[in-house]
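Beneath this line is the structure, given in structure tokens, with notes to follow.
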Amino acid sequence: MKSSLKIGFALATSTVLLASCSRAGDRAPNPEPQRSNPGDNLEQPVDTFMSPNVQFEVTADAGTCPATVSLWEFGLGFEGGADHTVVADFAPIATGSPEITSSEERRVVYAAPLTADFADCPGTATSEYLSMYRYRFDSGNVYFELDLVGDDGFRKIRYADISANRPYVHWRATE
């Protein structure tokens with residue numbers, strides 16, 4: 003008899019909770035979602051461009067160097083790790099197409115010729131917090147490096163390539 007009371011109480015409680023969560027009066031009205039199909043009447047076009055979300059200061063003792071360099075860094079966490087995608091922003095500082103100059107399981111290096119404004123720049127740009135990413139300026143070229151070799155735990159480059167003249171790397175970190 004006690005178990006039937008417990009089951010009855012659990013059913014009554016769950017019914018009340020479900021009913022309270024599903025009443026229209028308890029919810030704020032949702033704004034109408036933007037339509038992205040051709041021919042839809044949009045008041046404003048949908049902006050899909052994002053500025054780089056990470057910036058590094060350039061350190062140099064000589065020459066003319068950019069003050070900062072940028073990249074996009076996205077992380078998608080999961081239980082026990084995260085996938086990371088990083089895209090180096092070469093457009094403001096480089097001419098021509100970047101290329102992969104070195105590629106290993108846990109390290110990749112890209113290079114591109116610097117613009118005339120920065121061709122004499124001997125410098126570096128990195129961060130203590132994001133130490134796996136590094137820009138280097140040398141001999142008229144800019145180099146972007148992702149180096150996971152010294153990190154603890156499992157780190158592996160899953161994909162590295164170039165898209166729209168931008169170097170990008172997709173890598174995974176797990177426990």
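For any residue, its number in the working numbering is found by taking its place in the sequence shown, counting from 1, and adding 2. Every residue, glycine too, gets a C-beta built ideally from N, C-alpha and C. Note that the coordinates shown come from a computational prediction; the quantities given were computed from them, not determined experimentally.
Of the candidates L150, D91, I95, N167, N167 places its Cα closest to the Cα of E101. For the options Q57, P169, V111, the alpha carbon positioned closest to that of Y131 is the one of Q57. Looking at the DSSP output, A162 shares a beta bridge with V171. Within 10 angstroms of the beta-carbon of F156 lie fewer than 16 other beta-carbons, which makes it exposed. Between the region 74-84 and the region 139-146, the count of Cβ pairs shorter than 8 Å is below three; the stretches do not touch.
Taking the CA atoms as reference points, E147 sits about 23 Å from E177. One thing to note: V71 has its Cβ within 8 Å of the Cβ of V60.
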